[in-house]
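See below for the structure under consideration.
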Amino acid sequence: MIEKYAFESVSSMVEYHLNKKDSLTKAQEIILRNPITRQSWELSHDDVELTKKLGEGAFGEVHMGKLKLKSGAKVTVAIKLAKLEVLTKEQIKEIMHEARLMRHFDHPNIVKFYGVAAGQEPLMVIMELVRATLAIFLELHLL
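Below is the structure:
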(Lines of atoms letter the chains of each structure in order from A and count residues from 1; the text may use other names and numbers.)
(Lines give C-alpha, C1' and ligand atoms only; values in the text may rest on other atoms or scores of the structure.)
Protein backbone atom coordinates (compact mmCIF):
# COMPACT_ATOMS: atom_id res chain seq x y z
CA MET A 1 0.00 0.00 0.00
CA ILE A 2 1.16 3.50 -0.79
CA GLU A 3 0.86 4.57 2.84
CA LYS A 4 3.24 1.77 3.84
CA TYR A 5 6.19 2.31 1.47
CA ALA A 6 8.41 5.08 0.16
CA PHE A 7 9.40 5.06 -3.51
CA GLU A 8 12.03 7.01 -5.43
CA SER A 9 9.62 7.77 -8.27
CA VAL A 10 6.06 7.24 -9.41
CA SER A 11 7.24 4.74 -12.02
CA SER A 12 9.02 2.64 -9.36
CA MET A 13 5.83 2.69 -7.25
CA VAL A 14 3.71 1.61 -10.22
CA GLU A 15 6.18 -1.14 -11.15
CA TYR A 16 6.21 -2.45 -7.57
CA HIS A 17 2.41 -2.62 -7.28
CA LEU A 18 2.03 -4.04 -10.77
CA ASN A 19 4.44 -6.90 -10.02
CA LYS A 20 3.12 -7.61 -6.49
CA LYS A 21 -0.57 -7.36 -7.45
CA ASP A 22 -0.90 -5.50 -4.15
CA SER A 23 -3.64 -2.92 -3.49
CA LEU A 24 -2.57 0.69 -3.86
CA THR A 25 -4.52 1.90 -0.80
CA LYS A 26 -6.00 0.65 2.45
CA ALA A 27 -9.28 2.50 1.98
CA GLN A 28 -10.26 0.73 -1.22
CA GLU A 29 -8.84 -2.24 -3.09
CA ILE A 30 -7.14 -0.86 -6.19
CA ILE A 31 -4.98 -3.33 -8.10
CA LEU A 32 -3.01 -2.40 -11.21
CA ARG A 33 -3.60 -4.85 -14.05
CA ASN A 34 -2.80 -3.34 -17.45
CA PRO A 35 -0.20 -0.59 -17.42
CA ILE A 36 -0.27 2.05 -20.11
CA THR A 37 3.35 2.40 -21.08
CA ARG A 38 5.01 5.50 -22.41
CA GLN A 39 5.25 5.64 -26.20
CA SER A 40 8.76 5.38 -27.64
CA TRP A 41 8.64 9.06 -28.66
CA GLU A 42 7.49 10.23 -25.19
CA LEU A 43 10.84 10.95 -23.57
CA SER A 44 11.88 11.76 -20.02
CA HIS A 45 13.80 14.91 -19.09
CA ASP A 46 16.09 12.61 -17.08
CA ASP A 47 17.37 11.07 -20.33
CA VAL A 48 18.29 14.43 -21.88
CA GLU A 49 21.52 16.30 -21.18
CA LEU A 50 22.09 19.82 -22.55
CA THR A 51 25.69 20.50 -23.56
CA LYS A 52 25.83 23.66 -25.69
CA LYS A 53 23.43 26.44 -26.65
CA LEU A 54 23.23 26.75 -30.45
CA GLY A 55 20.67 29.53 -30.85
CA GLU A 56 17.62 31.33 -29.58
CA GLY A 57 14.32 32.50 -31.02
CA ALA A 58 11.05 34.08 -29.97
CA PHE A 59 9.64 30.82 -28.64
CA GLY A 60 12.72 29.27 -27.08
CA GLU A 61 16.25 28.01 -27.49
CA VAL A 62 18.04 25.28 -29.42
CA HIS A 63 20.78 23.29 -27.70
CA MET A 64 23.13 20.52 -28.64
CA GLY A 65 22.96 17.68 -26.17
CA LYS A 66 22.93 13.97 -25.47
CA LEU A 67 19.95 11.64 -25.41
CA LYS A 68 20.19 8.38 -23.51
CA LEU A 69 18.43 5.71 -25.56
CA LYS A 70 16.59 2.72 -24.08
CA SER A 71 19.63 0.58 -24.98
CA GLY A 72 21.76 2.78 -22.72
CA ALA A 73 23.70 4.27 -25.64
CA LYS A 74 23.94 8.06 -25.89
CA VAL A 75 23.46 9.99 -29.13
CA THR A 76 24.22 13.61 -29.91
CA VAL A 77 20.99 15.49 -30.64
CA ALA A 78 19.46 18.91 -31.22
CA ILE A 79 17.06 19.94 -28.46
CA LYS A 80 14.43 22.63 -28.92
CA LEU A 81 13.43 24.12 -25.57
CA ALA A 82 10.02 25.80 -25.73
CA LYS A 83 9.30 28.71 -23.40
CA LEU A 84 5.83 27.72 -22.24
CA GLU A 85 5.18 31.13 -20.67
CA VAL A 86 5.31 32.77 -24.13
CA LEU A 87 3.39 30.02 -25.97
CA THR A 88 -0.37 29.94 -26.27
CA LYS A 89 -2.27 26.69 -25.75
CA GLU A 90 -2.84 26.61 -29.50
CA GLN A 91 0.91 26.85 -30.20
CA ILE A 92 1.64 24.05 -27.73
CA LYS A 93 -1.01 21.90 -29.45
CA GLU A 94 0.63 22.71 -32.79
CA ILE A 95 4.07 21.62 -31.51
CA MET A 96 2.62 18.34 -30.23
CA HIS A 97 0.70 17.79 -33.50
CA GLU A 98 3.91 18.31 -35.47
CA ALA A 99 5.68 15.83 -33.18
CA ARG A 100 2.97 13.22 -33.76
CA LEU A 101 3.39 13.64 -37.51
CA MET A 102 7.20 13.58 -37.44
CA ARG A 103 7.38 10.30 -35.53
CA HIS A 104 6.16 8.46 -38.64
CA PHE A 105 9.02 9.62 -40.88
CA ASP A 106 12.03 7.36 -41.22
CA HIS A 107 14.12 8.31 -44.24
CA PRO A 108 17.83 9.13 -44.67
CA ASN A 109 16.96 12.51 -46.23
CA ILE A 110 14.69 13.61 -43.38
CA VAL A 111 16.01 14.77 -40.02
CA LYS A 112 15.37 12.00 -37.47
CA PHE A 113 12.82 12.79 -34.79
CA TYR A 114 13.54 11.17 -31.42
CA GLY A 115 10.63 12.52 -29.42
CA VAL A 116 9.21 15.02 -26.97
CA ALA A 117 9.91 15.45 -23.26
CA ALA A 118 6.73 17.05 -21.95
CA GLY A 119 6.58 15.75 -18.37
CA GLN A 120 7.87 19.03 -16.94
CA GLU A 121 9.07 22.41 -18.15
CA PRO A 122 10.63 23.25 -20.45
CA LEU A 123 8.92 21.33 -23.23
CA MET A 124 11.70 19.64 -25.23
CA VAL A 125 11.56 18.50 -28.85
CA ILE A 126 14.52 16.19 -29.54
CA MET A 127 15.81 15.62 -33.07
CA GLU A 128 18.90 14.47 -34.92
CA LEU A 129 21.67 17.06 -34.86
CA VAL A 130 22.41 18.25 -38.39
CA ARG A 131 25.95 19.57 -38.49
CA ALA A 132 25.72 21.52 -41.77
CA THR A 133 23.16 23.55 -43.68
CA LEU A 134 21.32 22.16 -46.68
CA ALA A 135 23.26 24.55 -48.93
CA ILE A 136 26.60 23.17 -47.69
CA PHE A 137 25.39 19.58 -48.10
CA LEU A 138 24.25 20.21 -51.67
CA GLU A 139 27.49 22.00 -52.50
CA LEU A 140 29.55 19.06 -51.24
CA HIS A 141 27.48 16.30 -52.81
CA LEU A 142 26.28 17.70 -56.12
CA LEU A 143 29.47 19.20 -57.49
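What the sequence shown shows, in the UniProt record's numbering, is residues 1 to 143, in sequence order. We treat Cβ as the ideally placed atom computed from N, Cα and C, and that holds for glycine.
Item                                                                                                                                                                                                        : Value
In the DSSP assignment, the alpha helix (DSSP H) including Leu140 goes from what residue to what residue?                                                                                                   : Leu134 to Leu142
I'd like to check one pair, Val48 with Ile92: are the Cβ atoms closer than 8 Å?                                                                                                                             : no
Exposed or buried, which one is Gly115 when buried takes at least 16 other CB atoms within 10 Å?                                                                                                            : buried
Identify every run of the beta strand (DSSP E) within the UniProt domain "Protein kinase" (48-143), keeping only runs that are complete inside it and at least 3 residues long; order them along the chain. : 48-57, 60-68, 74-82, 113-117 and 123-128
Helix, strand or coil for Glu8 per DSSP?                                                                                                                                                                    : coil
In whole angstroms, give me the CA-to-CA distance for Gly65 and Ile30.                                                                                                                                      : 41 Å
Thinking C-alpha only, which one of Phe7, Glu85 and Ile126 is nearest Ser44?                                                                                                                                : Ile126
So, helix, strand or coil for Glu42, using DSSP?                                                                                                                                                            : strand
Helix, strand or coil, according to DSSP, for Asn34 in the structure here?                                                                                                                                  : coil
Whole angstroms are fine: how far does the CA of Lys20 sit from the CA of Leu87?                                                                                                                            : 42 Å
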